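Read through the structure below, which is laid out as structure tokens, and then see the notes.
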Amino acid sequence: MKLTKFFLLLPFLGNAQQSNDTYRNSGVIEIGTHGLSVGYNILIGNKSFLNFETGVGGGYNLNDDAVSYVFNFSKPTPYVKSSYSFFYNKDKRITKSKSLKNNSGNFIEVQLKYSFGNKNDIDLNKSFLTDLHWGIQRSIGSNFYFRTHVGIGYLQDFDLSKGNLTPTLGFKFGYNLL
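Taking this note's numbering, the leading residue of the sequence shown gets 90, the next gets one more, and so forth.
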């Protein structure tokens with residue numbers, strides 16, 4: 090309950106408006122390949138963010154040493170995720186007069202995701218994904234944005250007590266609450 094209150098109050102802790110020439114803290118609601126989530130992005134420095142989110146979506150497991158991602162709409166899997174993002178092309182975007190609205194840019198990100206699994210579904214195990222990826226984020230409206238990434242990760246499946254390398258790929262649409 091306290092975690093829910095924390096995420097509901099996050100959007101009101103930062104600045105109220107996003108300009109086109111700077112990055113900002115932001116509370117977000119997102120939907121995409123990993124499900125539906127709510128989160129908060131904290132600007133640390135000029136080009137970096139710490140990101141925290143919680144949501145429901147697909148789950149993971151290892152079958153024959155291959156990672157499976159299962160999205161079961163009737164049994165969504167809860168997860169928590171945190172990441173560190175470095176937007177390496179901010180200065181180039183400014184030089185070319187491209188907008189930074191909704192934290193637009195290209196980034197390198199390290200992500201940690203814990204999936205709680207579902208004890209009633211053999212395909213939805215408790216797991217921990219650590220990955221490194223490259224991605225882009227672009228504004229597509231006043232408060233909307235699109236984000237995609239590709240990379241490599243390591244999934245530890247706690248129910249099967251084993252892990253494996255896996256490619257990572259994702260996209261999502263988000264709404265910036267600030």
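Glycine included, C-beta positions come from ideal geometry on N, C-alpha and C.
Please read all numbers here as calculations on a predicted model, not as lab measurements.
Subject >> Proximal residues to S204 (C-beta, below 6 Å), its chain only, five neighbours per side dropped >> reply: The answer, listed in chain order, is G148, Y149, T166, Y168 and S216.
**OP:** Compare the beta carbon distance of F141 and Y112 with 9 Å and say whether it is the shorter of the two.
**Re:** no
Original post:
Terminal residues of the continuous alpha helix (DSSP H) containing D180?
Top reply: D180 -> alpha helix (DSSP H) spans K179 to T184.
**OP:** Use the C-beta contact count for L125: other C-beta atoms within 10 angstroms, 16 or more gives buried, fewer gives exposed.
**Re:** exposed
Original post:
What three-state label does DSSP hand N209 in the structure shown?
Top reply: coil
Subject >> C-alpha distance - V156 paired with S188, whole-angstrom precision >> reply: Taking the straight line from one Cα to the other gives about 38 Å.
Subject >> Sub-9 Å separation of G194 and Q226 beta-carbons >> reply: A contact, by the Cβ cut-off of 9 Å.
Subject >> Close beta carbons around D180, own chain, < 7 Å, minus the five adjacent residues each side >> reply: none
**OP:** Compare the C-alpha of V159 against each of I118, I211 and F247 and name the closest.
**Re:** I211
Subject >> Whole beta strand (DSSP E) elements within the region 119 to 207, 3-residue minimum >> reply: 124 to 132, 137 to 146, 148 to 152, 155 to 159, 166 to 176 and 194 to 204
**OP:** Determine which residues share a DSSP beta bridge with Y234 and list them.
**Re:** Answer is S228 and G263.
Original post:
Taking buried to mean at least 16 other C-beta atoms within 10 Å of its own C-beta, is Q107 buried or exposed?
Top reply: Confidence is the limiting factor: at Q107 the pLDDT is only 43, short of 50, which leaves the residue's position unreliable, though a coordinate-based value still follows. Around the CB of Q107, 16 or more other CB atoms lie within 10 Å, so the residue is classed as buried.
**OP:** Work out the CA separation of G224 and L98 for me, nearest whole Å.
**Re:** Confidence at L98 is low in this model, with a pLDDT of 49, below 50, so the placement of that residue should be treated as unreliable; the coordinate-derived value is given next. Answer to the nearest angstrom: the Cα atoms are 28 Å apart.
Original post:
Going along the chain, which residues of its own chain have a beta-carbon closer than 6 Å to the beta-carbon of L254, five neighbours each way excluded?
Top reply: Y243
Original post:
Going by C-alpha distance, which of I241, Y234 and F235 is nearest V199?
Top reply: I241
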